[in-house]
Each structure stands twice: as C-alpha cells, then as structure tokens.
Amino acid sequence: MVQRLTYRRRHCYATKSNQTRVVKTPGNLPFFSSFDLVCVRRLSVDSWAIGMPASYSWEILRICSVLASGGKLVLQTAAKRANGPKCSVTGKRIPGIPHLRPTEYRTSRLHRHQKTIKRAYGGNICGAAVRERIIRAFLVEEQTIVKKVLKIQKSKEKLAAKAQA
Numbered sequence: 484m485v486q487r488l489t490y491r492r493r494h495c496y497a498t499k500s501n502q503t504r505v506v507k508t509p510g511n512l513p514f515f516s517s518f519d520l521v522c523v524r525r526l527s528v529d530s531w532a533i534g535m536p537a538s539y540s541w542e543i544l545r546i547c548s549v550l551a552s553g554g555k556l557v558l559q560t561a562a563k564r565a566n567g568p569k570c571s572v573t574g575k576r577i578p579g580i581p582h583l584r585p586t587e588y589r590t591s592r593l594h595r596h597q598k599t600i601k602r603a604y605g606g607n608i609c610g611a612a613v614r615e616r617i618i619r620a621f622l623v624e625e626q627t628i629v630k631k632v633l634k635i636q637k638s639k640e641k642l643a644a645k646a647q648a
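To convert a position in the sequence shown, counted from 1, into the working numbering, add 483.
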C-alpha cells in the first residue's frame, strides 16, 4: 500500500512545543493524529462531514477509527463513558445496576428489574445507607418509648409522695 508523508503541527500557535513533525499515513485512508481535534458529523455509513478543528477536548469530539465489515476503516465518534447511578447519601456507586447513558435507561433496552434493586430506596440509596436509616428509626422509636415509661414512673413517684405526705 502506498504511504504518504504529511507534515503536522499540534496547534496554530507559535510556541516552542508546536514543532512540525512527519506522519506516515496510508494513501487511501483518512488519518487523524492524536493532536487533531476535529468536529465530525456522520452523513452515511462511509461518508463523514469534517468541520473545523475544535479547541476543546470534549469527549463528544473524540474520533476513533473502527474496522467495519468488508475490511473498511471508518471513523466513529467515541461514546462518552457512563458514570452510572450513585448513592445520594454516601456518594458511592450502587452495585447491581449497570452503568449506562441516561437515554439507554429510558429506552426498552433494560427491563425494570434490571434498572432497580428490590428493596426500599432501591435505585437511589445503597444498602448500607438503608440499614443506617432503619437502625436510626428503630432507636428513635425506642427512645420515645423510654421517655414515656420514665414519665409514667415519675408521675407514680409523685403520687406516692403525695399519699405519704
């Protein structure tokens, strides 16, 4: 296969790090070096509309070449990585729920039992936080019962003191 030499720079600014370097590229395939940030819009399976180079390193501007069927090398915009659901109390990830983009949760790709966990606060709070809430509620209830019992005992003591006096 015929290769061609292209002279590339990092960016358009005249700085010391912006040196010209030689890059060997295949003659019939599109090539983008790691320094090029190019806005790409997909028109069809093999055609791409390449816009002006963007000055931001956004994830949606990243391009990766993928070997398609028939041995063709096509460009695709790299998908953003999904963070997945996190616990609203502790901030840790909730185990058992897959990390997907928000649109993939909404579409019919997942069933309901795959999106949530079968317990109270299933998809929002992790198990440790739920356990802590249950224990706290139990202790608060116990404390109110103890206060009520102490109040009854004090009133009985007062009645006994009045009866003796």
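Even for Gly, the Cβ is constructed at its ideal location relative to N, Cα and C.
To the nearest angstrom, how far is the alpha carbon of residue i from that of residue j?
i    : j    : result
K637 : Q647 : 15 Å
L558 : V549 : 6 Å
V505 : A551 : 28 Å
T599 : G606 : 5 Å
Q597 : G553 : 36 Å
K639 : K645 : 10 Å
L520 : C547 : Interpretation of L520 is limited by its pLDDT of 41, a score under 50 that renders its predicted location unreliable; the figure taken from the coordinates is listed afterwards. Taking the straight line joining both Cα atoms gives about 11 Å.
Which of the three DSSP states is assigned to residue i in this structure?
i    : result
S591 : coil
S530 : With a pLDDT of 45 at S530, under the threshold of 50, the modelled position of this residue cannot be trusted; read the value that follows with caution. DSSP places S530 in coil when its eight states are reduced to three.
K631 : helix
I577 : coil
R492 : coil
Q626 : helix
S548 : strand
Q502 : coil
V557 : strand
Residue i: buried (16+ other C-beta within 10 angstroms of its C-beta) or exposed?
i    : result
C495 : exposed
I577 : buried
I628 : exposed
Could you name the residues that DSSP lists as bridge partners for residue i?
i    : result
Q636 : Bridge partners of Q636: none, in fact.
Open item on the list: Counting beta carbon pairs with one atom in the stretch 564 to 571 and one in the stretch 581 to 596, are three or more of them shorter than 8 Å?
Closed with: yes
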